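Below is one structure, written out as structure tokens, with a few remarks after it.
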Amino acid sequence: MVQLDRITQDPNVMGGKACIRGMRVTVGMIVGQFGAGRSVDEVLADYPYLEREDILQALRYAAWRTEEREVDLARA
20 MVQLDRITQD PNVMGGKACI RGMRVTVGMI VGQFGAGRSV DEVLADYPYL
70 EREDILQALR YAAWRTEERE VDLARA
């Protein structure tokens with residue numbers, strides 16, 4: 020797996036969800052922005068404390084997690 024040094028998990032931050040650099044910005048929040056049709060530049064404008072590499076690692080982490088197991092969408 021590619022090193023994801025910007026993705027952190029701490030039980031005291033956002034309930035232990037995967038976050039960006041220990042901040043209260045979750046990987047799910049970032050991925051959700053793309054699902055809503057936002058661009059990288061728009062996300063960076065909305066979250067000025069994030070860096071482009073934060074977003075790229077969030078996307079890589081999400082992709083890695085979805086490859087981890089199969090989900091039968093017909094039953095979900």
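The opening residue of the sequence shown carries number 20 in the numbering used here; numbering runs sequentially from there. Even glycine gets a Cβ: it sits at the ideal position worked out from N, Cα and C. Just so we're clear, the structure is a prediction, and the values are computed from it rather than from any experiment.
- Contact check for Ala-82 against Val-50 fails: the beta carbons are separated by 7 Å or more.
- Inclusion of Val-62 and Gln-76 in the CB contact set at 7 Å is not warranted, their separation being larger than that value.
- With a cutoff of 7 Å on beta-carbon distance, Lys-36 and Thr-27 are scored as not near each other.
- Per DSSP, the beta-bridge partners of Ile-26 are Ile-39.
- A distance below 7 Å between beta-carbons, with the five flanking residues on each side excluded, links Gly-47 to the following residues of its chain, in chain order: Lys-36.
- With a cutoff of 7 Å on beta-carbon distance, Asp-73 and Arg-43 are scored as not near each other.
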